[in-house]
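Remarks on the structure that follows.
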Amino acid sequence: MSFSALHSSCVPPEQRFDWWCELISQDVAPTRITSEHTSDFAAGAGAIGLGGIQVSTLSFPAIRSERTPALIRRSDPDVYELTLNAGGDMWIAQARNEATMSAGDLGLWNTSRPFDARGLRTSDDGTSRAIMVHLPRPELPFSDSRTDQLLATATATNRGTAAVFARFLRHLVDEAPTMTDRQRERIGPAVWELAVAFLADRLNAHDRIPPEAHTRMLLARIDAFIDDNLADPALNPPAVAARHHISVRTLHTLFRTRERTVAATIHHRRLERCRADLADPALRGTAVYAVAARWGFHSPSAFSRAFLAAYGTSPREWRRAAMGTPPALPGTATACS
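Be aware that the sequence shown starts at 1, since it is given in UniProt numbering, and climbs by one per residue.
Have a look at this one:
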């Protein structure tokens, strides 16, 4: 199975803690877990198969997690776990290092070494969340002694390679349930190369990154820049190229393997943001033309034509269908149709 998502609510309350502990032992590594919430343990775990690499998602209340020498002798998947803390504060200690990970930080630990990890403060809803990328140790292009320098250290994800990688992981988790097995398999190399690029950046070992990883990282940065600037009507291929210090010709070459050109990508993502906003009940009172302008469309008529061409319906009718409201009476005026 290439995708699965399970929650402790599927078993009786008194069995939930043991159920989750066994799930973690099978999906990650045998670990001794203790918690003050064992009477009704609300937790979940997901697995995203990406061909030769796997990503796990975890949600849980406050716990203590320990991997002991005895548990390592019992079973060791021999992987580095590159983990994005998606909610709550955590503390981890391994290989004489220790770090507090805030929500949004990236951290690394090794299943072949003992470790101790604890939840210090959960998120507002009382749940800690993590996205974990399993990296087979023998396949990494760095020596163990070098990679181990990063064990139990926290990296903020507000800029650079870390920001790109964290954004990619969040998007992957959001989209994985709707993707086919084949699509998820094709994503696998990108996850691996972005993870390697992140580690190389932290280790100052860029000479060990294969050329294709450099290309994927550049494309990931470009994607992030486009997503962050869709509201700017001046966003176009020359602007994207200038921001990344490459020529427009090089930019178009990078997009040759993709379904859409640079301009078409910008156009499509703007339409997708508009379509989502038009279906959002919280924005029911926002005029259609205002939604369009919010995402870089400053001609209501041009936006309506583009929306109709892309989705086979007008923005007005899409909103009505999404909101479950009846069609307008003939002759009723609209802000943007």
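Note that CB positions come from ideal geometry on N, CA and C, so glycine has one too. This one's a predicted model, so the numbers in the text were calculated from it and none came from an experiment.
Ser39, DSSP secondary structure in three states
helix
Might you give, ordered along the chain, the residues of its own chain that have their beta carbon closer than 8 Å to the beta carbon of Phe225, omitting 5 neighbours on each side?
Val240, Arg243 and His244
For Tyr80: DSSP bridge partner residues
Asn110 and Leu135
For Leu58, name the three-state secondary structure that DSSP assigns.
strand
For the stretch 67 to 77 against the stretch 8 to 23, are there 3 or more C-beta pairs whose distance is under 8 Å?
Fewer than three Cβ pairs drawn from the stretch 67 to 77 and the stretch 8 to 23 lie within less than 8 Å of each other, which leaves the two stretches out of contact.
Could you spell out where the beta strand (DSSP E) holding Met90 opens and where it closes?
Note, Met90: beta strand (DSSP E), Asp89 to Gln94.
Please state if the CB of Val28 and the CB of Met132 are separated by a distance shorter than 8 Å.
For the 8 Å CB-CB criterion, Met132 and Val28 form a contact.
Have a look at Ser4 and Thr127 and give me their C-alpha separation to the nearest angstrom.
20 Å
Report yes if the C-beta distance between Ser194 and Ala220 is below 8 Å; otherwise report no.
The displayed chain sequence assigns Leu, not Ser, to residue 194. Yes, the pair counts as a contact, with Cβ atoms nearer than the cut-off.
Does any residue of chain B bring its CB to less than 8 Å from the CB of His214?
No chain B is present in this structure, which holds just one protein chain.
Which of helix, strand or coil does DSSP assign to Leu6?
strand
Expressed to the nearest angstrom, what Euclidean distance is found between the alpha-carbon atoms of Ala287 and Thr178?
30 Å
Three-pair Cβ contact test at 8 Å for the stretch 150 to 167 versus the stretch 103 to 114:
yes
State the start and end residues of the unbroken alpha helix (DSSP H) segment that holds Ala242.
Pro237 to Arg243
Terminal residues of the continuous alpha helix (DSSP H) containing Ala264?
Val262 to Leu278
Out of Ile266, Asp201, Ser8 and Ile222, which has the shortest C-alpha to C-alpha gap to Ala231?
Nearest C-alpha to Ala231: Ile266.
For Arg260, tell me which candidate among Val11, Thr100, Pro237 and Gly285 has the shortest Cα-Cα distance.
Pro237
Residues near Ala310 by beta carbon distance below 7 Å, same chain, minus five either side
Only Leu271 meet the Cβ criterion.
So, is Ile48 buried or exposed, given that buried needs 16 or more other C-beta atoms within 10 angstroms?
buried
Taking the alpha helix (DSSP H) that Ile24 falls in, what are its first and last residues?
In the DSSP assignment, Ile24 falls within the unbroken alpha helix (DSSP H) covering Arg16 to Asp27.
Taking the continuous beta strand (DSSP E) assigned at Met101, which residues delimit it?
Asn97 to Met101
Nearest-angstrom Cα separation, counted from Ser102 out to Thr155
Their Cα atoms are separated by approximately 9 Å.
Pick out the complete alpha helix (DSSP H) segments inside the stretch 160 to 223, 4 residues or longer, and give them in chain order.
160 to 175 and 181 to 203
According to DSSP, simplified to helix, strand and coil, what is Leu329?
Here the model assigns Leu329 a pLDDT of 40, short of 50, so the residue's position is not dependable, and the following value carries that caveat. In this structure, Leu329 counts as coil in the three-state DSSP scheme.
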